[in-house]
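What the sequence shown shows, in the numbering used here, is residues 26 to 426, in sequence order.
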Amino acid sequence: MEFMPDSNDPGSNQEFYRIQKLPPYVFAVINEMKAKARAAQQDVIDLGMGNPDGATPRIIVNKMIEAARNPKNHRYSQSKGIPKLREEIVKRYKTSYGVDLDPGSEAIVTIGAKDSLAHLLFAVIGPGDAVVSPNPAYPIHQYGVIMAEGHACLLPMPTPAEFLERLKHLYKTSSRKPKLILISFPHNPTTMCVDLDFFREVVELAHEHGSMIVHDFAYADLCFDGYRAPSILQVPGAKEVAVEIYSMSKSFNMAGWRIGFCLGNSKMINALARIKSYLDYGVFQPLQIAAIIALRECAEDTKKICEVYRKRRDVLVTGLKRAGWPVESPRGSMFLWAPVPEPYRAGGSLEFAKLLMEKALVAVSPGIGFGPLGEGHVRFALVENEQRIRQATKSIKAFLK
Ligand SMILES: Cc1ncc(COP(=O)(O)O)c(C=O)c1O
Numbered sequence: 026m027e028f029m030p031d032s033n034d035p036g037s038n039q040e041f042y043r044i045q046k047l048p049p050y051v052f053a054v055i056n057e058m059k060a061k062a063r064a065a066q067q068d069v070i071d072l073g074m075g076n077p078d079g080a081t082p083r084i085i086v087n088k089m090i091e092a093a094r095n096p097k098n099h100r101y102s103q104s105k106g107i108p109k110l111r112e113e114i115v116k117r118y119k120t121s122y123g124v125d126l127d128p129g130s131e132a133i134v135t136i137g138a139k140d141s142l143a144h145l146l147f148a149v150i151g152p153g154d155a156v157v158s159p160n161p162a163y164p165i166h167q168y169g170v171i172m173a174e175g176h177a178c179l180l181p182m183p184t185p186a187e188f189l190e191r192l193k194h195l196y197k198t199s200s201r202k203p204k205l206i207l208i209s210f211p212h213n214p215t216t217m218c219v220d221l222d223f224f225r226e227v228v229e230l231a232h233e234h235g236s237m238i239v240h241d242f243a244y245a246d247l248c249f250d251g252y253r254a255p256s257i258l259q260v261p262g263a264k265e266v267a268v269e270i271y272s273m274s275k276s277f278n279m280a281g282w283r284i285g286f287c288l289g290n291s292k293m294i295n296a297l298a299r300i301k302s303y304l305d306y307g308v309f310q311p312l313q314i315a316a317i318i319a320l321r322e323c324a325e326d327t328k329k330i331c332e333v334y335r336k337r338r339d340v341l342v343t344g345l346k347r348a349g350w351p352v353e354s355p356r357g358s359m360f361l362w363a364p365v366p367e368p369y370r371a372g373g374s375l376e377f378a379k380l381l382m383e384k385a386l387v388a389v390s391p392g393i394g395f396g397p398l399g400e401g402h403v404r405f406a407l408v409e410n411e412q413r414i415r416q417a418t419k420s421i422k423a424f425l426k
C-alpha cells in the first residue's frame, strides 16, 4: 500500500527543511477525483492503490483477539520484536529458501516494510551517500534516500538485465561509487521478476566495490505460472553485504496490521535496531503473537491469496486485450503495468489516468507517480473482484472506442 497524503493539506509546511523535499503525491489527484465521483454516487472501480481487499485469515485474527485479552501483552513490547517471532521467520527462511539466519543478530521485526526501508536508510546512509535503485519504483525507494540526505541515483530498468548493465557501467565510470543498491523483485510497479543469477551478479558487484544491498521482498509470495521468486539471501555470501525486507502485508492480507522483517547482514540489522530503539517500542505484542501463527500455519492461505490475484490478472489481461489494449501478463506482484495506448501517450500518464477516471470510472495509478521513468505507463492494482475487473475492462473498451 502506498501512503496517500491528505488531499486537503494546504501545503503550509513547505518551508520545513525535509518536507520541502517531498513533493505531494501525484496519486492524490486521482484520489481527489475518485472521492468527488463517489460523493456524486458514481460507482468507481478502484484499481489505483495496492491496498489488498481480502480479509486476514481467521486463525490469525482469532490469535490476535486471544492475545489482546491477556494484560501481559498490553505493555511495551521489544523494539526489535519478540524472540519467538524472530525464530519463526528464521525457520521460514530455512524451509522456504534453505537460508540460515541467526534470530538474535540477523533478524528484526519492523512496523511493515516501510518502517524497515525508511529507518534502515536513515541508519546507514549519510549526507551525499549514493544509493542506486531502478526507476520507476515504489516512492519510498527514492524519497527514503532523500529524507536520509543521501543522493538518490535512479537507473532506468527497461529490463532487469539492462539495469544490471547500467549498474556495472556506473561502477566503472562514476566517481561517486554507490554506497547502497536498493532493489525489489517482483517489482512494483513494473511487475518485473528476476532469477537467482541476477542476485548473484548484484551480490558480486557489491562485494567487489564495498557496497551494501537492500532487497525489498514485499511481493515474495505473489508469483504465478510456476515462477518462484528467489530470496537474495540464497546467494552464498549475500549476508556479508545484503539485507532483505519481508512483509506480512501481501502474503497474509495483513496490510493494515503493520508488520514485517529485516533479515540478513548483522551490521545493518544492528544499525536499524539502534535507530528503532530510540523511535519505537515494537509492534503491539498480540499482533506479533498472531504473526507467529501466520508464519507457522497459514501457508495454504498464502497460496489461496496468490490464486485470487492470478485469476484477477487473467481477467484483466483478457479484458484489456478485448478492449484493443494488449498488455503483458505479469509473473509476479499484484499489479499490471500497462503502456499508455498510443493515441494518448503524448498527453502523459496523469492525463490518461484522469481520462480513465472521468470517462470509464476506473481509477489507476499514473506511471509518473513512480518517478520520471514511469511516464508512458499506468499501473492497475488487482484489488477488486473478478466481476468488477471485467466491468472495468468493458468500460475501458467503450471509452477507447
Ligand atoms: C515495493 C513495496 N515495498 C513495500 C511496501 C509496503 O509494505 P508494508 O505494508 O510492509 O509496509 C509496498 C506496498 O505497496 C511495496 O509495493
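Yeah, the Cβ is synthetic: ideal placement off N, Cα and C, and Gly gets one too. Model, not experiment: these values are computed from the prediction.
Exercise for the section: Would you mind reading off the limits of the beta strand (DSSP E) that contains I206? Expected result: Bounds of the beta strand (DSSP E) holding I206 are L205 to I208.
Exercise for the section: Please confirm whether P311 and M172 have their CB atoms less than 9 Å apart. Expected result: Result no, Cβ atoms of P311 and M172 do not sit closer than 9 Å.
Practice task
Count the other CB atoms, across all protein chains shown, that sit within 10 Å of the CB of Y306; report buried if there are 16 or more and exposed otherwise.
Solution key: The residue in question, Y306, is exposed, as its Cβ has fewer than 16 Cβ neighbours within 10 Å.
Exercise for the section: Determine contact between the segment 176 to 183 and the segment 326 to 346, defined as no fewer than three beta-carbon pairs at a distance below 8 Å. Expected result: Below 8 Å, too few C-beta pairs join the segment 176 to 183 and the segment 326 to 346 to call them touching: fewer than three.
Exercise for the section: Name, in chain order, the residues that DSSP records as bridge partners for I70. Expected result: I70 is bridged to V387.
Exercise for the section: In angstroms with no decimal places, state the Cα-to-Cα distance between L20 and T135. Expected result: It is not possible to answer for residue 20, since the shown part of the chain is limited to 26 through 426.
Problem - 3-residue-minimum beta strand (DSSP E) runs that sit fully inside the segment 279 to 351, ordered along the chain - result: Residue ranges of uninterrupted beta strand (DSSP E) with 3 or more members, entirely inside the segment 279 to 351 and ordered along the chain, are 285 to 289.
Handout entry: P364, DSSP secondary structure in three states
Key = The three-state reading of DSSP puts P364 in strand, counting E and B together.
Problem - Cβ shell of P161 (< 7 Å), same chain only, five flanking positions each side left out - result: So the qualifying residues of the chain are P214, T215, G392, F395, G396, L398 and G399.
Problem - Own chain residues within Cβ distance below 8 Å of P35, not counting five before or after - result: With a pLDDT of 48 at P35, under the threshold of 50, the modelled position of this residue cannot be trusted; read the value that follows with caution. Sequence-distant Cβ neighbours of P35 in its own chain, meaning closer than 8 Å and more than five residues away, do not exist here.
Practice task
Let me know if A254 comes out buried or exposed under the rule of 16 or more other beta-carbons within 10 Å of its beta-carbon.
Solution key: Burial call: buried.
Practice task
Please go through the same chain and pick out, in chain order, the residues whose beta-carbon is closer than 7 Å to the beta-carbon of A93, but skip the five residues on each side of it.
Solution key: If you ignore the 5 residues before and after A93, its C-beta comes within less than 7 Å of the C-beta of P311, all in its own chain and listed in chain order.
Problem - Residue burial classification, L10 (beta-carbon count within 10 angstroms, cutoff 16) - result: Lying outside 26 to 426, the shown extent of the chain, residue 10 is not represented and no answer is given.
Handout entry: K139: CB within 8 Å of a non-hydrogen atom of ligand 1
Key = Flag set: Cβ of K139 near ligand 1.
Practice task
Could you name the residues of the same chain whose beta carbon sits closer than 8 Å to that of A148, not counting the 5 residues immediately before and after it, in chain order?
Solution key: Once the five neighbours on either side are set aside, the close Cβ partners of A148 are M293, A296, L297, R299 and I300.
Exercise for the section: Just tell me which of Q412, K197, F286 and V86 has its CA closest to the CA of L126. Expected result: Nearest C-alpha to L126: F286.
Exercise for the section: Would you identify the three-state DSSP class for T216, choosing helix, strand or coil? Expected result: Here T216 sits in coil by DSSP.
Practice task
Compare the C-beta of C178 with all C-beta atoms of chain D and state if any pair is closer than 9 Å.
Solution key: The displayed structure is made up of one protein chain only, and chain D is not part of it.
Exercise for the section: Would you check if there are 3 or more beta carbon pairs closer than 8 Å linking the segment 148 to 159 to the segment 189 to 207? Expected result: Yes: at least three Cβ pairs fall under 8 Å.
Practice task
Thinking M359 and L304 are a contact (beta carbons under 8 Å), I'd like their distance in whole angstroms, please.
Solution key: Contact between M359 and L304 is absent: CB atoms are separated by about 29 Å, not below the 8 Å threshold.
Exercise for the section: Compare the C-alpha of L425 against each of V387, H99, N410 and A280 and name the closest. Expected result: Closest by alpha carbon: V387.
Exercise for the section: Assess, as a yes-or-no matter, whether the segment 232 to 252 is touched by the segment 92 to 112 under the definition of 3 or more beta carbon pairs within less than 8 Å. Expected result: They do not touch, by the three-pair rule.
Problem - 9 Å Cβ cutoff met for S291 and S130 - result: In this structure, S291 lies near S130, with their beta-carbon atoms less than 9 Å apart.
Handout entry: Closest by C-alpha distance to I314, when choosing among L72, P108, Y50 and V340
Key = Closest option to I314, Cα to Cα, is P108.
Handout entry: C-alpha distance - P355 paired with R338, whole-angstrom precision
Key = Roughly 8 Å between the two C-alpha positions.
Practice task
On a CA-only basis, which of Q66, R225 and G169 is nearest L47? Give me that one, please.
Solution key: Cα-wise, what sits closest to L47 is G169.
Handout entry: Reduced DSSP secondary structure (H/G/I, E/B, other) of R63
Key = DSSP places R63 in helix when its eight states are reduced to three.
Problem - T418 (DSSP reduced to helix, strand or coil) - result: Helix, per DSSP.
Practice task
Compute the minimum distance between the beta carbon of L247 and the heavy atoms of ligand 3, and state whether it is under 8 Å.
Solution key: Ligand 3 is not among the ligands present in this structure, which contains only ligand 1.
Handout entry: E40 in three-state terms, based on DSSP
Key = In the structure shown, E40 falls within a coil segment according to DSSP collapsed to helix, strand and coil.
Exercise for the section: Using the Cα positions of I114 and A132, report the straight-line distance between them to the nearest angstrom. Expected result: Using only the alpha carbons, I get a separation of about 8 Å.
Handout entry: Buried versus exposed call for F242 [16 or more other C-beta atoms within 10 Å across all chains shown]
Key = Buried.
Handout entry: Helix, strand or coil at M29 [DSSP, three-state]
Key = Model confidence at M29 stands at a pLDDT of 39, short of 50, so the residue's coordinates are unreliable and nothing is read from them.
Problem - Straight-line gap, L207 to M237 (C-alpha atoms, nearest Å) - result: Taking the CA atoms as reference points, L207 sits about 9 Å from M237.
Practice task
Check whether the Cβ of D433 sits closer than 8 Å to any heavy atom of ligand 1, and report yes or no.
Solution key: What the structure shows of the chain is the stretch from 26 to 426, and residue 433 is not part of that stretch, so it cannot be assessed.
Problem - Between the CA atoms of S302 and L361 - distance to the nearest angstrom - result: The straight-line gap separating the alpha-carbon atoms of L361 and S302 is approximately 38 Å.
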